[in-house]
Amino acid sequence: SAVISQKPSRDICQRGTSLTIQCQVDSQVTMMFWYRQQPGQSLTLIATANQGSEATYESGFVIDKFPISRPNLTFSTLTVSNMSPEDSSIYLCSVEAYGSDYNEQFFGPGTRLTVL
Amino acid sequence: GQQLNQSPQSMFIQEGEDVSMNCTSSSIFNTWLWYKQDPGEGPVLLIALYKAGELTSNGRLTAQFGITRKDSFLNISASIPSDVGIYFCAGQGRSGNKLVFGAGTILRVKS
Numbered sequence: 001s002a003v004i005s006q007k008p009s010r011d012i013c014q015r016g017t018s019l020t021i022q023c024q025v026d027s028q029v030t031m032m033f034w035y036r037q038q039p040g041q042s043l044t045l046i047a048t049a050n051q052g053s054e055a056t057y058e059s060g061f062v063i064d065k066f067p068i069s070r071p072n073l074t075f076s077t078l079t080v081s082n083m084s085p086e087d088s089s090i091y092l093c094s095v096e097a098y099g100s101d102y103n104e105q106f107f108g109p110g111t112r113l114t115v116l
Numbered sequence: 001g002q003q004l005n006q007s008p009q010s011m012f013i014q015e016g017e018d019v020s021m022n023c024t025s026s027s028i029f030n031t032w033l034w035y036k037q038d039p040g041e042g043p044v045l046l047i048a049l050y051k052a053g054e055l056t057s058n059g060r061l062t063a064q065f066g067i068t069r070k071d072s073f074l075n076i077s078a079s080i081p082s083d084v085g086i087y088f089c090a091g092q093g094r095s096g097n098k099l100v101f102g103a104g105t106i107l108r109v110k111s
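Keeping their order, the protein sequence lines are chains R and P. Quick note on the numbering used here: the first sequence kicks off at 1 and runs consecutively. Quick note on the numbering used here: the second sequence kicks off at 1 and runs consecutively.
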């Protein structure tokens, strides 16, 4: 399995500001994803981070609100823009290992965001 | 879109008891995954299932991929206090690598 780290682990932000979350993997991976987990809820996919091209967003999520970068096979960022209290959630990065025969996804520790 | 129905929503059991939880869907999935999430952590993969009818064990955990491809269950035998957490099922369909998650089962263990 891949070792995934996220920065920051948690943050408290003011309404209207933006926060960029980093995801670093210890090995090259084909697929990287960003999920949101609202308080007491399950995980919802925000987007697939594509290396060298624009991310693929799920219904209900847009690039202006959640811009994503993926400059290489081991790193991605998610920005939560113009935040409101409704954006308070855990944001999780996940990866699918490069060259694996099966589609196993592994998750980072998450970034706990609180918006005041 | 695809949805998973996970049950029960929560369980409060005595240490040593066996636990069973399941997920059902109206859609077919190619892969079923079971994750456990501890407070303040990301989900950790417990078991992955790839073939209809497959039964897989990982220590005290056993999971099965339903023959119809629309359901899966997870059993935990002889529960211990560290089994406490939230268990999520996730399905992966034919359309790609997207995972669809169940709502989770909160497990509490009384010692």
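Glycine is no exception: its CB is placed at the ideal position from the N, C-alpha and C atoms. These figures come from a predicted structure and were not determined experimentally.
Does the Cβ of Ser57/P have 16 or more other Cβ atoms within 10 Å, making it buried, or fewer, making it exposed?
Exposed, since its Cβ has fewer than 16 Cβ neighbours within 10 Å.
Just verifying my parser: in three-state terms, what is the DSSP assignment at Pro39/P?
In the three-state scheme derived from DSSP, where H, G and I count as helix and E and B as strand, Pro39/P is classed as coil.
What's the gap between the Cα of Ser79/P and the Cα of Gly16/P?
Their backbone Cα atoms lie some 5 Å apart in a straight line.
Please compile the residues from chain P whose C-beta is within a distance smaller than 9 Å of the C-beta of Gly108/R.
Going along chain P in sequence order, the residues near Gly108/R (Cβ under 9 Å) are Gly42.
Is Met21/P closer than 8 Å to Ser10/P when the C-beta atoms are compared?
Not closer than 8 Å, so no.
Asn30/P: which of Ala63/P, Val19/P, Cys23/P and Leu49/P sits nearest, CA to CA?
Proximity to Asn30/P across Ala63/P, Val19/P, Cys23/P and Leu49/P peaks at Leu49/P, based on C-alpha coordinates.
Between the C-alpha atoms of Ile47/P and Gln64/P, what's the straight-line distance to the nearest angstrom?
Approximately 10 Å, taken between the alpha carbons.
Return the CA-CA distance between Glu54/R and Thr79/R, expressed in angstroms with no decimal places.
Going by the C-alpha atoms only, they are around 14 Å apart.
If Gly42/P and Pro109/R are in contact, beta carbons under 8 Å, what's the gap, nearest whole angstrom?
Indeed they touch by this definition, with Cβ atoms about 5 Å apart.
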